[in-house]
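Participant: Below: one structure in structure tokens.
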Amino acid sequence: MDHKEQIHEVRSHSYHNEHRRPEYRPEYRPEYRPEYRSEHRSDNRQEHRQDYRPRVPNGYEYPEDEYITPQPSRDDTLRKMKTAGSVSMSPELFEKLYLSPQNNVKGDLRKTFGNPTPIAIVGFLISLTPLSCDLMGWRGATTSGAAGIGAYFFFGGLLMFVGGLLEWVLGNTFPSVVFLTFSAFWLTFGATLNPSFAAFSSYAPAGAASGAAGLTTRGFNASFGFITLAMGMITLVFLVCSLRTNVVFFVIFLTLVVTFALITAAYWFLAMDFTGNANYAATLLKAAGASAFVTCMAGWWLIFAILLASLDFPLELPVGDLSRVIRGKSEKSHV
């Protein structure tokens with residue numbers, strides 16, 4: 010190396026030493042100094058927390074483009090969006106979707122599986138709507154409802170069983186009990202009308218030309234009246250419990266209680282005198298059909314509201330939330 014090259018190297022080294030970027034060490038930041046923390050702990054903490062550019066003793070500041078704030082990854086962003094979406098559900102929306110006040114359950118099954126509530130409601134409506142029209146005698150329909158046996162088994166029985174079972178898996182006790190109870194009722198009702206189960210033919214008098222003669226006997230009508238009476242009693246329990254859900258669900262149970270009471274009265278009048286009380290029983294069954302039809306209209310409104318809310322539709326149908334009107338015992342104890 011000649012003399013000129015040595016001089017150039019020395020000058021270059023000196024220039025870089027004079028103009029090099031100062032070494033950044035965290036202890037140079039003001040908030041790391043003990044005297045600063047004691048004097049400015051409450052006043053300037055938020056101010057310096059928002060400033061990501063480090064400062065050094067000689068006053069040199071890194072330019073904006075030399076110090077970039079770390080950005081979250083795509084996975085972190087998606088995880089945050091999923092978490093926000095899962096916890097942002099209001100108690101009113103939860104009650105509308107699941108027909109039960111919001112409760113804490115172990116696990117994340119509600120994020121894994123869909124909402125089974127509409128499944129059970131559809132099964133209930135497709136079974137009860139035709140039956141209510143039959144009871145009212147529309148378009149010449151009879152009050153037996155035998156034409157809907159298939160709907161009672163597969164819509165009322167199967168769909169409500171699936172919905173009730175999935176509600177139980179998700180930890181929604183009240184809708185699970187309601188759906189499984191009515192699933193069993195529809196299966197029972199369909200089996201009673203099915204001749205292969207011999208529910209009414211067993212009451213047919215000896216020598217009767219058809220097993221359908223058992224439908225007119227005192228024993229069959231009195232016995233079947235006890236089934237509808239029991240359903241009215243459990244529905245009354247559901248009615249009281251529904252005061253913690255919403256107005257539409259309450260109306261459904263209220264009209265169902267009236268429906269079961271009228272059907273029970275009709276069958277017991279037929280048990281006393283099938284021929285003499287036939288007209289009176291027909292009037293009671295028609296009134297029961299009208300009450301059940303109101304139940305169906307409330308149910309159709311409810312299923313429409315749930316599906317719109319599930320799709321985040323801009324149109325929202327009110328259901329009259331009652332979970333905040335009648336507070337739970339645990340909520341009152343924390344007040």
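Using this note's numbering, the first residue of the sequence shown is number 10, and each one after it goes up by one.
Glycine residues also receive a C-beta, built at the ideal position from the N, C-alpha and C atoms.
Keep in mind it's a predicted model, so treat the numbers as computed, not measured.
According to DSSP, is residue 7 helix, strand or coil?
Facilitator: With the chain covering only 10 through 344, there is no way to say anything about residue 7.
Participant: For the alpha helix (DSSP H) containing residue 218, name the first residue and the last one.
Facilitator: As a working mapping, residue 218 is identified with position 209 in the sequence shown. Counting along the chain, residue 218 falls outside any alpha helix (DSSP H), and DSSP gives it neither H nor E.
Participant: Taking the alpha-carbon positions, what's the residue 90 to residue 318 distance?
Facilitator: Indexing the sequence shown from 1 puts residue 90 at position 81. Indexing the sequence shown from 1 puts residue 318 at position 309. Residue confidence is low: residue 90 scores 39 on pLDDT, short of 50, so the model does not pin down where it sits. Its coordinate-derived value is still stated next. The straight-line gap from Cα to Cα measures roughly 19 Å.
Participant: Could you have a look at residue 203 and say whether DSSP puts it in helix, strand or coil?
Facilitator: Position 194 of the sequence shown, counted from the first residue, corresponds to residue 203. When secondary structure is reduced to three states using DSSP, residue 203 falls in the coil class, being assigned neither helix nor strand.
Participant: According to DSSP, simplified to helix, strand and coil, what is residue 230?
Facilitator: On the sequence shown, position 221 is the one that residue 230 refers to. Residue 230: helix per DSSP, three-state reduction.
Participant: Excluding sequence positions up to five away, which residues of its chain have a Cβ less than 6 Å from the Cβ of residue 73?
Facilitator: Looking up residue 73 in the sequence shown gives position 64. Because the pLDDT at residue 73 is just 49, under 50, the model does not fix this residue reliably, and the value given afterwards should be weighed accordingly. Within the same chain, residue 73 has no close Cβ partners at all.
Participant: Over what stretch of residues does the alpha helix (DSSP H) that includes residue 123 continue unbroken?
Facilitator: Counting from 1 along the sequence shown, the entry for residue 123 is found at position 114. No alpha helix (DSSP H) holds residue 123; DSSP gives it neither H nor E.
Participant: Roughly how many whole angstroms lie between the Cα atoms of residue 266 and residue 245?
Facilitator: On the sequence shown, position 257 is the one that residue 266 refers to. On the sequence shown, position 236 is the one that residue 245 refers to. Looking at the two C-alpha atoms, the distance is approximately 6 Å.
Participant: Bridge partners for residue 255 per DSSP, in chain order?
Facilitator: As a first step, residue 255 must be located in the sequence shown, where it is residue number 246. In the DSSP output, where bridge partners are listed per residue, residue 255 has 330.
Participant: Evaluate contact between the region 267–281 and the region 229–245, counting only Cβ atoms and requiring at least three cross-stretch pairs below 8 Å.
Facilitator: yes
Participant: If we count Cβ pairs, one from each stretch, closer than 8 Å, do we get three or more for the region 174–187 versus the region 122–134?
Facilitator: yes
Participant: Please say whether residue 304 and residue 261 have beta carbons closer to each other than 8 Å?
Facilitator: As a working mapping, residue 261 is identified with position 252 in the sequence shown. As a working mapping, residue 304 is identified with position 295 in the sequence shown. Result yes, Cβ atoms of residue 261 and residue 304 sit closer than 8 Å.
Participant: Quick one: residues in its chain with C-beta nearer than 7 Å to the C-beta of residue 134, no 5 flanking neighbours on either side, listed in chain order?
Facilitator: Sequence index remark: in the sequence shown, residue 134 carries index 125 (1-based). The answer, listed in chain order, is 305, 308, 309 and 312.
Participant: Measure the alpha-carbon distance for residue 300 versus residue 137 and round it to whole angstroms.
Facilitator: For this step, residue 300 is matched to residue 291 along the sequence shown. For this step, residue 137 is matched to residue 128 along the sequence shown. Residue 300 and residue 137: Cα-Cα distance of roughly 11 Å.
Participant: In its own chain, which residues sit with a C-beta less than 7 Å from the C-beta of residue 187, not counting the 5 before and 5 after it?
Facilitator: The residue you call residue 187 lines up with position 178 of the sequence shown. Only 247 meet the Cβ criterion.
Participant: Note down the Cα distance separating residue 185 from residue 321, rounded to an integer number of angstroms.
Facilitator: For this step, residue 185 is matched to residue 176 along the sequence shown. For this step, residue 321 is matched to residue 312 along the sequence shown. C-alpha separation (whole angstroms): 24 Å.
Participant: Quick one, which of 193, 252 and 169 has its alpha-carbon nearest residue 336's?
Facilitator: Translated into positions along the sequence shown, residue 336 becomes position 327. When each option's Cα is compared against that of residue 336, the closest is 252.
Participant: Can you list, in chain order, the residues of its chain whose CB lies under 8 Å from that of residue 145, leaving out five sequence neighbours each side?
Facilitator: Here residue 145 refers to the residue found at position 136 when the sequence shown is read from its first residue. 295, 298, 299 and 302.
Participant: Measure the C-alpha to C-alpha separation of residue 333 and residue 324 and round it to an integer number of angstroms.
Facilitator: Translated into the one-based positions of the sequence shown, residue 333 becomes position 324. Translated into the one-based positions of the sequence shown, residue 324 becomes position 315. Their Cα atoms are separated by approximately 23 Å.
Participant: Under 6 Å Cβ to Cβ from residue 268, same chain only, skipping five residues before and after it: list those, please.
Facilitator: Start at 1 with the first residue of the sequence shown, and residue 268 comes out as number 259. These residues qualify, in order along the chain: 297, 300 and 301.
Participant: Roughly how many whole angstroms lie between the Cα atoms of residue 5 and residue 163?
Facilitator: Nothing about residue 5 can be read from this structure; the chain reaches only from 10 to 344.
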